[in-house]
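Visitor:
Residue numbers (the UniProt record's numbering): 1 to 304.
(1) DSSP three-state call for residue 269: helix, strand or coil?
(2) May I ask you to list the residues that DSSP assigns as paired with residue 41?
(3) Which two residues bound the contiguous alpha helix (DSSP H) that contains residue 232?
(4) Among the residues of its own chain, which have a CB less than 7 angstroms from the CB of residue 118, if the five just before and after it don't count?
(5) Taking DSSP as the reference, what is the three-state secondary structure of residue 274?
(6) Where does residue 53 land, buried or exposed, given buried means 16+ other C-beta within 10 angstroms?
(7) What would DSSP say about residue 56, mapped onto helix, strand or coil?
(8) Closer than 7 angstroms by C-beta to residue 284: which residues in its own chain qualify, once you throw out the five before and the five after it? Chain order, please.
(9) Report yes if the CB atom of residue 86 is closer than 7 angstroms to the CB atom of residue 257, and no otherwise.
(10) Determine the burial state of residue 184: buried for a count of at least 16 other Cβ atoms within 10 Å of its Cβ, exposed for fewer.
(11) How would you call residue 201, buried or exposed, if buried means at least 16 neighbouring beta carbons within 10 angstroms?
(12) With DSSP run on the structure shown, which of helix, strand or coil describes residue 289?
(13) Contact check, residue 157 vs residue 198 under 8 angstroms by CB: the rounded distance?
(14) How about residue 160 and residue 88: do their beta carbons lie closer than 7 angstroms?
(15) Take the Cβ of residue 313 as the centre, count every other Cβ of all protein chains shown within 10 Å, and call the residue buried at 16 or more, exposed below.
(16) Looking at the structure shown, is residue 149 part of a helix, part of a strand, or coil, going by DSSP?
(17) Under 8 angstroms: do the region 212-229 and the region 259-269 share three or more Cβ pairs, one atom per stretch?
(18) So, is residue 286 buried or exposed, given that buried needs 16 or more other C-beta atoms within 10 angstroms?
(19) Let me check understanding here. Comparing Cα to Cα, which of 165, 203, 232 and 260 lies closest to residue 193?
(20) Is it right to say residue 298 is buried, meaning 16 or more other beta carbons lie within 10 angstroms of its own, or is it exposed?
(21) Tell me, please, whether the region 170-183 touches the region 108-115 by the rule of three or more beta-carbon pairs shorter than 8 angstroms.
(22) In angstroms, rounded to a whole number, what distance separates the CA positions of residue 234 and residue 296?
(23) Please report how far the alpha carbon of residue 66 lies from the alpha carbon of residue 255, in whole angstroms.
(24) Rounded to a whole number of angstroms, what is the C-alpha to C-alpha distance between residue 163 and residue 288?
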């Protein structure tokens, strides 16, 4: 498993290097480079370890022994691929909800810390369109990780996640935005689908090219090509993406298929993990796997 450009040396780059790249970002941006937002330090190791606190942190159904034995017999008898089956509850529920919750808001409720970061710290408008752009960014990051899985599982997880995402969009258009007709909802869903495809292509290009190209992709999509953008906000988002994809790279296929990974807090600055940090995480991950019952998984445990 290898995701290009997520090795440790590219997780965190010097501020001066990034600012020099951003000066050439876009001649149409009238951003003030002197307006700098300082972000607090985060504990990356603590966050990763928290994902292994339980054997199945996002979903866990305890069955009686006889039901579990019967289920295992059925799986063995019919040759059911449990890694494909698992793509439904994980890709279609866990990862959909992880993306949705990043900037989710309700007018009558207090914003979550993550939503507060996007709408107040970054100053993005609190609209359905903006929520979708944050959603699309996180869908893309999961897409990048899914591509590193064996092809047949990659396609299953991507398909289940996208189907669930657009079911959620249809529901929110009907319930929250009050779009009156199915025809109008389907039109909006097609437009959002086109936006998602464009965003994925744009982020892919930036990810494989340079920090400046990735920042430009964020400016066009997440920031809506605003004329005035705080460059330290763009830098923070690039730092967040690089760090998040580094974490995704180090998580094994098996743990990823069980949903044992989450999105780090976007409002923190993270230092790269040391070799000792990685060893500690690997030991905790191995201990967590020992406590698991037979899960019929054929996916690799190479990673933490």
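All C-beta atoms in this analysis are idealised placements derived from N, C-alpha and C, irrespective of residue type, glycine included.
Guide: Let me spell this out:
(1) On the chain shown, position 269 is the one that residue 269 refers to. DSSP places residue 269 in strand when its eight states are reduced to three.
(2) One-based indexing of the chain shown puts residue 41 at position 41. In DSSP, residue 41 forms a bridge with 269.
(3) Counted from its first residue, the chain shown places residue 232 at position 232. 231-250 is the extent of the alpha helix (DSSP H) around residue 232.
(4) To locate residue 118, count along the chain shown from 1; it is residue 118. The answer, listed in chain order, is 103, 124 and 134.
(5) For the purposes of this step, residue 274 is taken as residue 274 along the chain shown, with counting starting at 1. Coil at residue 274, not helix or strand.
(6) The residue you call residue 53 lines up with position 53 of the chain shown. The residue in question, residue 53, is exposed, as its Cβ has fewer than 16 Cβ neighbours within 10 Å.
(7) Counted from its first residue, the chain shown places residue 56 at position 56. Because the pLDDT of residue 56 is 49, which lies under 50, any placement of that residue in the model is unreliable, and the question is left without a value.
(8) Along the chain shown, one-based indexing puts residue 284 at 284. The residues are 49 and 52.
(9) Locating residue 86 in the chain shown gives position 86, counting from the first residue. Locating residue 257 in the chain shown gives position 257, counting from the first residue. For residue 86 and residue 257, yes; Cβs fall inside 7 angstroms.
(10) Here residue 184 corresponds to residue number 184 of the chain shown, with the count starting at 1. Classification of residue 184: exposed, given that the 10 Å Cβ count is below 16.
(11) In the chain shown, counting from the first residue as 1, residue 201 sits at position 201. Label assigned to residue 201: exposed.
(12) Position 289 of the chain shown holds residue 289. Residue state, collapsed to three classes: helix.
(13) Against the chain shown, residue 157 aligns to sequence position 157. Against the chain shown, residue 198 aligns to sequence position 198. About 22 angstroms separates the two Cβ atoms, so there is no contact after all.
(14) Working through the chain shown from its first residue, we reach residue 160 at position 160. Working through the chain shown from its first residue, we reach residue 88 at position 88. Yes, Cβ-Cβ distance for residue 160 and residue 88 is below 7 angstroms.
(15) The structure shown does not extend to residue 313, since the chain spans only 1 to 304, so no value can be given for it.
(16) Position 149 of the chain shown holds residue 149. Coil at residue 149, not helix or strand.
(17) no
(18) Position 286 of the chain shown, counted from the start, is the residue given in the question as residue 286. Flag for residue 286 reads exposed.
(19) The residue labelled residue 193 in the question sits at position 193 within the chain shown. Comparing Cα positions, the closest option is 165.
(20) Against the chain shown, residue 298 aligns to sequence position 298. Looking at its Cβ environment, which holds fewer than 16 other Cβ atoms inside 10 Å, residue 298 is exposed.
(21) no
(22) Here residue 234 refers to the residue found at position 234 of the chain shown. Here residue 296 refers to the residue found at position 296 of the chain shown. Using only the alpha carbons, I get a separation of about 43 angstroms.
(23) Sequence index remark: in the chain shown, residue 66 carries index 66 (1-based). Sequence index remark: in the chain shown, residue 255 carries index 255 (1-based). Here the model assigns residue 66 a pLDDT of 49, short of 50, so the residue's position is not dependable, and the following value carries that caveat. For residue 66 and residue 255, the distance between alpha carbons rounds to 26 angstroms.
(24) The residue given as residue 163 occupies position 163 in the chain shown. The residue given as residue 288 occupies position 288 in the chain shown. Straight-line Cα distance between these residues: approximately 31 angstroms.
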